[in-house]
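Worksheet: one structure, shown below.
In my numbering, the protein residues as written are 2 to 327.
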């Protein structure tokens with residue numbers, strides 16, 4: 002036991018902080034909430050809290066899939082473009098069929114097809130997932146304008162479509178309930194099932210996992226599809242919130258998701274991460290975004306913060322791995 006605990010005691014401060022990242026993140030979240038509320042009393046208003054939760058729900062849904070994907074040793078940079086295209090598909094099919102159900106199904110399945118395409122390119126063609134999904138992002142960003150030259154409006158103004166994002170179940174907004182359900186399912190799958198153990202094993206050492214009888218390619222393909230489906234679901238919710246399918250809606254969304262996930266302690270190198278950490282990462286980023294707005298700071302800071310987070314979180318991950326090696 003002393004051999005296990007010794008590195009944490011003798012390591013650098015950064016290493017100890019990295020090994021207790023969830024406690025640090027929780028403390029940071031509390032400090033941020035207190036600091037912003039002291040400068041802006043409306044921070045704790047019901048309307049503002051609901052606004053934060055709505056924004057968190059969009060990132061958390063995709064973040065659940067991205068967490069599993071990063072743990073498996075892969076990444077998907079096309080989720081932003083995918084959710085924008087999925088929203089356009091959902092709105093277009095709803096307009097053409099008059100059915101919100103068919104529109105929602107089409108949007109989610111389109112996201113799943115994008116995930117399937119990414120997974121096949123990575124697992125069958127052996128293209129690095131970073132390169133493969135950047136290519137997919139570019140294809141989708143151009144393809145959505147071939148599919149629709151402009152934003153797809155809700156022609157029939159169906160309340161059922163807007164209720165997806167603006168509706169409530171009791172006092173809780175529907176997007177928050179959807180995000181909670183997705184988070185709960187992903188948490189159970191990752192922590193308490195054989196599938197979750199395989200995801201960690203493949204990300205930690207794919208060769209060892211293959212030698213033990215597991216098939217990393219099939220597992221990675223599955224996680225890519227799940228991430229795509231969740232991007233499609235988020236695209237549906239976002240299109241409902243805007244009451245239109247907007248081709249540029251997902252620009253930069255993928256960076257926010259990745260920043261939240263790695264801030265939560267998930268390693269870019271695979272094999273390490275938790276969904277609870279991702280939840281805390283999402284909350285921190287969205288509280289910062291909200292603080293920038295209500296404090297009336299320059300909103301360009303909202304793009305700067307995720308970039309800074311990615312650099313710092315990646316550095317802490319490297320420090321943590323060095324501490325583990327010692």
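The beta carbon of each residue, even a glycine, is placed where N, CA and C say it ideally should be. These figures come from a predicted structure and were not determined experimentally.
Apart from sequence neighbours up to five positions away, the residues of its chain that approach residue 146 with a beta-carbon distance below 7 Å are 248, ordered along the chain.
Residue 300 carries a coil assignment under DSSP once its states are collapsed to helix, strand and coil. Taking all protein chains in view, the Cβ of residue 37 is crowded by 16 or more other Cβ atoms within 10 Å, so the residue is classified as buried. With a contact defined as Cβ atoms closer than 8 Å, residue 61 and residue 269 miss out at about 19 Å. The stretch 194-221 contains, as complete alpha helix (DSSP H) runs of 4+ residues, the segments 195-205 and 207-212 (chain order). Beta bridge pairing from DSSP links residue 174 with 169. CA-CA distance, residue 104 to residue 227, rounds to 19 Å. Just measuring C-alpha positions, the residue of 35, 322, 65 and 51 sitting nearest residue 189 is 65. Annotation: residue 254 to residue 211 spans about 34 Å, alpha carbon to alpha carbon. DSSP, reduced to helix, strand and coil, places residue 76 outside both helices and strands of the structure shown, so it counts as coil. In this structure residue 148 touches residue 89 by the C-beta definition: roughly 6 Å separates them, less than 8 Å. For residue 270, no alpha helix (DSSP H) segment is defined, and its DSSP state is neither H nor E. When rounded, the separation of the alpha-carbon atoms in residue 257 and residue 207 is 27 Å. Just so you know, the alpha carbons of residue 98 and residue 288 end up roughly 39 Å apart.
Excluding sequence positions up to five before and after residue 155, its CB lies within less than 8 Å of the CB of 92, 95, 96, 162, 163, 244 and 245, all in the same chain and listed in chain order. If you check the CB distance, residue 236 and residue 83 come in under 8 Å.
Taking the Cα positions, residue 223 is about 8 Å away from residue 117. In the DSSP assignment, residue 154 forms a beta bridge with 245. Residue state for residue 126 is assigned as coil, using DSSP reduced to three classes. The straight-line gap separating the alpha-carbon atoms of residue 109 and residue 242 is approximately 16 Å. Following the DSSP letters along the chain, one finds residue 23 inside the alpha helix (DSSP H) bounded by residues 22-40.
The straight-line gap separating the alpha-carbon atoms of residue 292 and residue 204 is approximately 36 Å. Burial state of residue 160 is exposed, judged by a 10 Å Cβ sphere holding fewer than 16 other Cβ atoms.
Secondary structure note for residue 254: its alpha helix (DSSP H) is the uninterrupted segment 254-264. Residue 87 carries a helical assignment under DSSP once its states are collapsed to helix, strand and coil. Residue 124 and residue 78 do not touch by the CB rule: their CB atoms are close to 17 Å apart, not below 8 Å.
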